[in-house]
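To keep things clear, I will list the structure first and then write my remarks on it.
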Amino acid sequence: MELNAVSKRYGEVTALGGVDLEVREGETVAVLGPNAAGKSTLLSIALGLLPPGRGTATVLGRPPVEALRAGLVGVLLQESGLLEDVRVAELVTATAGMYPRPLSPAQAMRAAGAEAIANRRIGQLSGGQRQRVRFALCVVGDPELLVLDEPTVGLDVDGRRALWQEVRERTSRGRTAVFATHYLTEAASWP
Ligand SMILES: Nc1ncnc2c1ncn2[C@@H]1O[C@H](COP(=O)(O)OP(=O)(O)OP(=O)(O)O)[C@@H](O)[C@H]1O
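Here you go:
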């Protein structure tokens, strides 16, 4: 992922003031900053979900939207909506079907620590359980790059452990991850 001199203003608010970032294959990079620092804005631009005011973004050597459409990027955004009436396994299976070379739904749910809730309806899940489902959906396509916005919010110790273990396992296979956090410990403890 490469950002060159990316700026973004919302009216009077300067969310990003000329950010350069280069993330190479196999790296795990934390975007660290306090609330309102511009982390989500940066990730949204890097994903092609938001146009930069100035500057350029490329992902895997192409425009971000193309990388996203090609199924090369797994995304976990803060509090993103989930279908409420379906069961976890149904949603993960349907999402897997949108990718060229997905993991099995069981693998993705295991990676997210969501096996025990596979048959539960999403509308009945707790906040942390929903976050596990978001992570399962993020990895089920076995993407080259994971983009995670505050991925551990709401997760208990086991949920956090499962998530970081999966990120580490992917990185060891040359995959890449970029995550936003305001937890200094999470950013700093990364090897
Ligand atoms: N759609 C929007 N319209 C106007 N201002 C916005 C919009 N989105 C973000 N902002 C402002 O841009 C700044 C950066 O917001 P952003 O969500 O990128 O920060 P963040 O670092 O992700 O924060 P947090 O840690 O609280 O999630 C904030 O001042 C925010 O109020």
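Numbering-wise (full-length UniProt numbering), the sequence shown opens with residue 1 and increments by one.
Every residue gets a Cβ at the ideal spot worked out from N, C-alpha and C, and that includes glycine.
Quick one, are the C-beta atoms of E150 and Q78 less than 8 Å apart? The answer is yes: Cβ separation under 8 Å.
Using a Cβ-Cβ cut-off of 6 Å (strictly less than) and excluding sequence neighbours within five positions of A57, which residues of its own chain qualify? These residues qualify, in order along the chain: L3, I45, A46 and P64.
Does the beta-carbon distance from V139 to G74 come in below 8 Å? The criterion of a C-beta distance shorter than 8 Å is satisfied by V139 and G74.
Three or more beta-carbon pairs under 8 Å between the stretch 98-113 and the stretch 125-144, yes or no? A contact exists between the stretch 98-113 and the stretch 125-144.
Report buried or exposed for E166, applying the criterion of at least 16 other Cβ atoms within 10 angstroms of its Cβ. Taking every protein chain shown into account, the CB of E166 has 16 or more other CB atoms within 10 angstroms, so this residue is buried.
The alpha helix (DSSP H) spanning S40 covers which residue range? Start and end: K39 to A46.
Ordered along the chain, which non-local residues of its own chain (more than five positions away) have a Cβ less than 7 Å from that of R168? Once the five neighbours on either side are set aside, R168 has no close Cβ partner at all.
V153 - DSSP class collapsed to helix/strand/coil: Annotated three-state conformation of V153 is coil, per DSSP.
Coil, strand or helix - D158 by DSSP: Reduced to three states, the DSSP call for D158 is helix.
Is it a yes or a no for the stretch 4-19 touching the stretch 143-163, going by three-plus beta-carbon pairs under 8 Å? No: the two stretches stay apart, fewer than three of their Cβ pairs being nearer than 8 Å.
Chain E within 8 Å of T58, Cβ atoms only: Checking the listed chains, one finds no chain E in this structure; it contains a single protein chain.
Mind checking which residues open and close the beta strand (DSSP E) that includes A180? Boundaries of the beta strand (DSSP E) harbouring A180: T176 to T181, taken from the DSSP string.
For L145 and G174, what's the separation of their Cα atoms in angstroms? Taking the straight line joining both Cα atoms gives about 10 Å.
From this set, R132, H182, I122 and L103, which residue's C-alpha is nearest R170's C-alpha? For R170, the closest C-alpha among the options R132, H182, I122 and L103 is that of L103.
Nearest-angstrom Cα distance between P52 and A5? Near 10 Å, if we compare the C-alpha coordinates of A5 and P52.
Can you determine whether any heavy atom of ligand 1 sits closer than 7 Å to the C-beta of A37, and answer yes or no? For ligand 1, at least one heavy atom lies less than 7 Å from the Cβ of A37.
Starting from the C-beta of E27, find all residues in its chain whose C-beta is less than 7 Å away, skip the five residues before and the five after it, and write them out in chain order. Excluding residues within five positions, the ones whose Cβ falls inside 7 Å are T176.
If you draw a straight line from the alpha carbon of R101 to that of E22, how long is it in whole angstroms? About 27 Å.
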